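Position one of the sequence shown corresponds to residue 6 (my numbering), numbered consecutively onward. All remarks here apply to the structure that follows.
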Amino acid sequence: MSNVAVIGLGIMGLPMAINLVKAGHSVTGFNRSQDKIDKLVSEGGKGATSIADAVKDADVVITMVPDSPDVEGVVSGPDGVFANAKKGTLWIDASSIRPDVAARLSADAVAAGIRPLDARFQVANRVPSTPSSPSWSAATQTTSKQHRMSSTPSARPSSTSAPPAPARPSRQPIS
């Protein structure tokens, strides 16, 4: 199974991280508030003291934070994901951010040797911890075939029909 870092253990991120632990992945979480990290640890995950610490050994990094400036702060700079993740790491951004920011950060990720996947997280109902509710909404054909990782044991991922245009996020469903 994959080593996964989840940055942002809020209403959506914490249940996702816990479900990834239950699915057999090694999950390291980071959040601004320690109580969320402690909850992940109590469920079998690992806690990190910084973003850099969370992503250093990850095969997959999932960011799930509130807005465009938050994502920029998490991935950029000397302490961010792009400077500290291994080359070839898959970065899944499941935050709700502006398309222009998503495209720019995707290009920045590629320049840093990180493989981006713009996957705005959508919930079919209001309880993100239920097996039928989460779905990632975008991926390139290659990335989706290489990483069929689910957040719950019963999720049914599938690949997209075609890759997006360069540096432009795709909006094709993966469910």
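The beta carbon of each residue, even a glycine, is placed where N, CA and C say it ideally should be. Quantities reported herein were computed from a predicted structural model and do not represent experimental measurements.
Residues of the same chain with a CB within less than 6 Å of the CB of D64, apart from the 5 flanking positions on each side, are S7 and N8 in chain order. Contact between V32 and G13 is absent: CB atoms are separated by about 13 Å, not below the 8 Å threshold. Under the criterion of beta carbons closer than 8 Å, D75 and D98 do not qualify as touching, at roughly 11 Å. For N89, the enclosing alpha helix (DSSP H) covers residues V86 to N89. The count of Cβ pairs closer than 8 Å, one atom from the segment 103-120 and one from the segment 66-82, reaches three, so the stretches are in contact. Note on K92: under 16 other CB atoms within 10 angstroms of its CB, so exposed under the neighbour-count rule.
Every beta strand (DSSP E) stretch that sits fully inside the segment 93-125 and reaches 3 residues is listed by chain position as 95-98 and 120-123.
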